[in-house]
Amino acid sequence: MDADDDRANIGREEERSDKLNEGELRNSAQNIREMRERLEKIQDDLHRRISQQRHQQSPFSDPIIVPGIYAPSGFDIMDILVAVSNRRNPTVDLGSIDDSVAFIVCDPLEDDMPIIYCNESFRRLTGYSESEIINRNCRFLQSPPSPSASKEPLNAHSRYVDVTVNNPDKHDSVILSRNIVAREVVRDCLANRSDCQISFINYRHNGEIFENLVTIVPVVLETQGGKRYLVGFQADRGPVG
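Residue numbers (the working numbering): 2 to 242.
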């Protein structure tokens, strides 16, 4: 009888264990479904918020970088920085790259290679606002600011009038000649589609003159059908007397 009772007890325990396991499995499956629903809601909310920001912001404002989704600027800045980091045969060591470094993105296929993106660090470095930067060639930093500067047309097809050439009396001849030499170096590197690092003498919005170490890196985004960009990194090397 004792053996029969033990077998019956064991059977009941096994049955109870099976039911318990089935219950745990059902609870686990329910938990997984609830987690998936929460994640879907979070993702939908994230897409909605980014879409709203895309319509509210200037099209080239600093984006919220969301890997695997997109940036409000119309191209993913993260993709561009990754392309810079992973470029073949780099000739300039950039070190670590993130948004704390001042940089711009230019379109080499547009007339006069206009700036199409500038990050906040670049705006802090130069003192210019985004609207004063976008669609201009970065050459404008080689001229002192003028009251008429904000009145210049800023569309992508308007060529920037180079004050350093047309009005050399407004610049120290040493600064002018140094920038001309630097431009030639950049022009040669761009022709060869290679990295370039050279110092320019630039002007901030407040008129302060400073030495700007410029590194230009050409990149190709295969994710955009081989679209080419020029990424220009800037480093302040101090004021020029």
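Even glycine gets a Cβ: it sits at the ideal position worked out from N, Cα and C.
Contact between Glu212 and Arg238 holds: their C-beta atoms lie close to 4 Å from each other, under 8 Å.
Between the alpha carbons of Ser195 and Glu131 lies a distance of about 28 Å. Classified as buried, Asn180 has 16 or more neighbouring CB atoms from the shown chains inside 10 Å of its CB. Here Val102 is near Phe234, since their CB atoms are less than 8 Å apart. Between the region 78 to 95 and the region 173 to 187, the count of C-beta pairs closer than 8 Å stays below three; the two stretches do not touch. When the Cα atoms are used, Ile135 and Cys197 turn out to be separated by approximately 22 Å.
Arg34 sits away from Gly128, with the two beta carbons spaced by 8 Å or more.
Between Pro146 and Asn207, the alpha-carbon positions lie close to 7 Å from each other.
DSSP lists Asn203, Pro240 as the beta-bridge partner residues of Phe211.
Here Pro219 has Arg194, Leu231 as same chain residues with Cβ atoms under 6 Å from its own Cβ, once five neighbours each way along the sequence are excluded.
Residue burial annotation: Asn120 is buried, with at least 16 other C-beta atoms found within 10 angstroms of its C-beta.
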